[in-house]
């Protein structure tokens, strides 16, 4: 392949990745999902070294996709811009470049299989969705903006996650959105029309099923009234010690704001107060007394907080926790505790701790030591509340998190409480994308979610992934008072997990079964012989 044509194919792959990423919030450019067809077409272009070229084009597609998807990663370094700002561009390059390796592996595998037509399309969906599954699991996992989560959460097409989960919906999304390569492939006009009709039928069927599911969403809220508090405390000034009294007073005033119905539960976001909570809640502390006066007797407060503890070896450890407190007149009672289980690498713990200390990354955590992960999660029980599953920030990214906790406890929760500190993501794309992913967890599990953040976006989410009532957007300060929406019966995904996704991968394998030469080529680990080629060098 001439160098110029190879460069054009690389640019097409890069552009395809960028276009696909623009489908996510806040852009919402859904036609950009056709970028996956552009990526597939770029991988299919002939070259002198097909595997190496495919891997390079896959990597370029990944760079385009992740450069847009994770651009918010620069924001934490800009909190203290004078000290850490120089690291911001390197963080984006390393993040996008590292994640693109999964796409490079998928592209090389697809090219090695060598299928075209419908089998090639299904193989593309399997290879890329399979490596996306790996991205969500390798080295603690980072499943940010899976392709299947590009559909706006709460829309009819997003409801497919209730059937096959986000990874299965990724397979479906890739197969449908890359289908123009198959539709416009070799064949008669009648055959091309039949292919287009089949794809349109699949889209319409999925849309109709999703619309029916949304229409059947339980509507009558019978749960407790919950108040979400969003104080809009700027991350750049939050950690100055002199600001703690004012921040604490802001949360107290919002929590005590008069309303027609007294909330049963007040929710503060992750890390609401810039301090280790132990001293603030110590018996006799004026902070504890002020909080006790704010809560009515029996009223509950769910507070995201950093806390210290002694482990079994009498070593001081730190936890990112959700603390459930209950008002008892002049005092407080501990009603529940959850320590975050899935910690953020380089954010809550440093895989290279000594190096992190030397170059200053440790200060991004605002803790003297790494956080310690809590035990595997289980639903929490508290008097006056339906059983719920806590989910702190990063944990909302992971499909199956709540399902695994329910299986561990032998009981499904009635709702999910998600507290997060999205102030780290700035005020552009990150918070909106994080909200979208949290809404997918509601769809997968068929459970409502209450979500609280310090600077936005806070909301109540129903069991179909739709926001209910007012939403506190970026930069807003206030409260949301709403009754808890009802859950729906267990979804197929909550029952079977990623089994439907595995079946879709097997469907891709079945599509290749008739192409025996593919498996012979793989077994012999040599390039496949192709008897016929079209003018572009692709096999019909």
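Numbering (my numbering), first residue to last: 1175 to 1714.
Glycine included, every Cβ here is placed at the ideal spot set by N, Cα and C.
query, result
"Are the Cβ atoms of residue 1376 and residue 1357 separated by less than 8 Å?", "no"
"For residue 1550 and residue 1684, what's the separation of their Cα atoms in angstroms?", "37 Å"
"Just list the residues that DSSP pairs residue 1478 with in beta bridges.", "1496"
"Taking the CB atoms as reference points, tell me whether residue 1615 and residue 1641 lie closer together than 8 Å.", "no"
"Given a cut-off of 8 Å, decide if residue 1460 and residue 1418 are closer than it, judged by their beta-carbon atoms.", "no"
"Just the C-alpha distance for residue 1509 and residue 1556, rounded to the nearest angstrom, thanks.", "6 Å"
"Would you call the stretch 1644-1654 and the stretch 1372-1388 in contact, with 3 or more CB pairs under 8 Å?", "no"
"Between 1638, 1666, 1662, which has its C-alpha nearest residue 1329's C-alpha?", "1638"
"Here's a check: name, in chain order, each residue in its chain whose Cβ is nearer than 6 Å to the Cβ of residue 1219, leaving out the five neighbours to either side.", "1183"
"Based on DSSP bridge pairs, tell me the residues matched to residue 1512.", "1496"
"For residue 1714, name the three-state secondary structure that DSSP assigns.", "Caution is warranted here: a pLDDT of 35 is assigned to residue 1714, below 50, making its placement in the model unreliable, and no coordinate value can be reported."
"Per DSSP, which one or two residues make a beta bridge with residue 1519?", "1523"
"May I ask you to verify whether the stretch 1655-1663 touches the stretch 1390-1400, counting CB pairs closer than 8 Å and requiring at least 3?", "yes"
"Using a Cβ distance threshold of 8 Å, determine whether the stretch 1251-1268 contacts the stretch 1335-1342, with at least three qualifying pairs required.", "no"
"What are the boundary residues of the alpha helix (DSSP H) that residue 1610 is part of?", "1604-1619"
"Enumerate, from N- to C-terminal direction, the unbroken beta strand (DSSP E) stretches of 3 or more residues contained entirely within the stretch 1368-1409.", "1399-1404"
"Could you check whether the stretch 1223-1230 touches the stretch 1626-1633, counting it as contact only if at least three pairs of C-beta atoms, one from each stretch, sit closer than 8 Å?", "no"
"With DSSP as the reference, label residue 1435 as helix, strand or coil.", "coil"
"State the Cα-Cα distance for the pair residue 1446 and residue 1479, rounded to the nearest angstrom.", "6 Å"
"Going by beta-carbon coordinates alone, are residue 1674 and residue 1666 separated by less than 8 Å?", "yes"
"Report the start-end ranges of each beta strand (DSSP E) in the stretch 1539-1572 that is 3 residues or longer and not cut off at the edges.", "1554-1556, 1559-1566"
"Compute the Euclidean distance between the alpha carbons of residue 1253 and residue 1410, then round it to the nearest angstrom.", "5 Å"
"Return the bridge partner residues of residue 1502 from the DSSP annotation.", "1505"
"Give the DSSP-derived three-state secondary structure of residue 1485 in the structure shown.", "coil"
"What is the DSSP secondary structure of residue 1657, counted as helix, strand or coil?", "strand"
"For residue 1473, which residues of its own chain have a beta-carbon under 8 Å away from its beta-carbon, when the five flanking residues on both sides are left out?", "1436, 1437, 1438, 1439, 1440, 1500, 1501"
"For residue 1325, which three-state DSSP category applies?", "coil"
"Contact defined as beta carbons within less than 8 Å: I believe residue 1159 pairs with residue 1347. What is the distance between those atoms, to the nearest angstrom?", "There is simply no residue 1159 to check, as the chain begins at 1175 and stops at 1714 in what is shown."
"With 16 as the cutoff for other CB atoms within 10 Å, does residue 1465 come out buried or exposed?", "buried"
"Tell me which residues share the same chain as residue 1679 and place their Cβ nearer than 6 Å to its Cβ, disregarding the 5 neighbours each side in the sequence.", "1300"
"Hey, is the stretch 1270-1288 in contact with the stretch 1233-1241, meaning 3+ C-beta pairs nearer than 8 Å?", "yes"
"Return the residue from the list 1243, 1256, 1477, 1286 that minimises the CA-CA distance to residue 1267.", "1243"
"Any heavy atom of the ligand MG closer than 7 Å to the Cβ of residue 1397?", "This structure does not include the ligand MG; it has no bound ligands of any sort."
"Mapping the DSSP letters down to three states, classify residue 1709 as helix, strand or coil.", "Note that residue 1709 has pLDDT 42, beneath the 50 cutoff, so the model's placement of it is unreliable and the number below is only indicative. Here residue 1709 sits in coil by DSSP."
"How big is the Cα-Cα spacing for residue 1668 and residue 1374?", "28 Å"
"DSSP state of residue 1703, grouped into three classes?", "The predicted model places residue 1703 with a pLDDT of 45, which falls under 50 and marks its position as unreliable; any figure quoted below should be read in that light. Of the three classes helix, strand and coil, the one that applies to residue 1703 here is coil, per DSSP."
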